[in-house]
Amino acid sequence: MAAILQKKKRVKIKSVRSILRKAVNSPITKTQIPDVFEEFTNQFLRDVKNSLSSEMVLTHFYFQDLSQYFRLLGEQKSGEILTDLKSVIQAHLRPYDKLYVLNSRSFLTFCPDCRLDIVKSRFDEVIFQVNHLIIDYEIRFLEITEPLNSFRPVYEKLLRPLIG
């Protein structure tokens, strides 16, 4: 029996991590699976370039962590909470302003042809109340007065201080 076991070739089993790393880094996979953040930044930069105005304002709403509520309430109620948050923000936007949802905590608005003071006054004293829950948030504004070729300034001035 021992002779039979010794004759069997050893099969080298690769770690799952190394297999996944190769799959994710392969050029074929990169073309098949789009990077969501890259998709968002490309869309945002297109919106900025298509804007006919040189005055634009970005607003970042950074909400409290609601994951504990999401776990308790389930997927449907969690979706309803996020929809209600979007509705409150959209109620303060013009029809051609844009709302981007990055994740359950970060919502961005893009207001072309608008000044900072006007956008600040729109969102002054906004209360996010969903049913009995009043949701806390931070808000940051970024006025854009020149063309953007990169998302880096937006990330560094508006997103990174809150997320990072």
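Numbering of the sequence shown is given in our numbering, commencing with residue 3 and proceeding in unit increments. Don't be surprised by glycine CBs; every beta carbon is placed ideally from N, CA and C.
Between the CA atoms of residue 148 and residue 73 - distance to the nearest angstrom: Within the sequence shown, numbered from 1, the residue matching residue 73 stands at position 71. Within the sequence shown, numbered from 1, the residue matching residue 148 stands at position 146. In a straight line, the C-alpha of residue 73 is about 43 angstroms away from that of residue 148.
DSSP three-state call for residue 66: helix, strand or coil? Numbered from 1 along the sequence shown, position 64 holds the residue referred to as residue 66. In this structure, residue 66 counts as coil in the three-state DSSP scheme.
Specify the secondary structure class of residue 110 as computed by DSSP and reduced to three states. Translated into the one-based positions of the sequence shown, residue 110 becomes position 108. Here residue 110 sits in strand by DSSP.
For residue 137, list the residues DSSP reports as bridge partners. For the purposes of this step, residue 137 is taken as the residue at position 135 of the sequence shown. DSSP lists 130 as partners of residue 137.
Who are the near neighbours of residue 79 in its chain, counting only those whose CB is closer than 7 angstroms to its CB and skipping five residues on each side? Stepping through the sequence shown from its first residue, residue 79 is reached at position 77. Only residues of its own chain outside the window of five on either side were considered, and among them none has a CB closer than 7 angstroms to the CB of residue 79.
So, with DSSP's three-state summary, where would you put residue 33? Taking the sequence shown and counting its residues from 1, the one referred to as residue 33 is at position 31. Only weak support exists for where residue 33 lies, its pLDDT of 47 falling under 50; the coordinates are left without a value.
Contact the stretch 38 to 49 vs the stretch 88 to 95: 3+ CB pairs below 8 angstroms: Contact between the stretch 38 to 49 and the stretch 88 to 95 is absent, because fewer than three Cβ pairs lie under 8 angstroms.
Please return the same chain residues whose Cβ sits closer than 6 angstroms to the Cβ of residue 83, not counting the five positions on each side in sequence. Numbered from 1 along the sequence shown, position 81 holds the residue referred to as residue 83. Taking C-beta separations shorter than 6 angstroms and ignoring five residues to either side along the sequence, the partners of residue 83 in its chain run 132, following chain order.
By the three-class DSSP mapping on this structure, what secondary structure does residue 149 have? Walking along the sequence shown from the start, residue 149 turns up at place 147. Note: residue 149 maps to coil in three-state DSSP.
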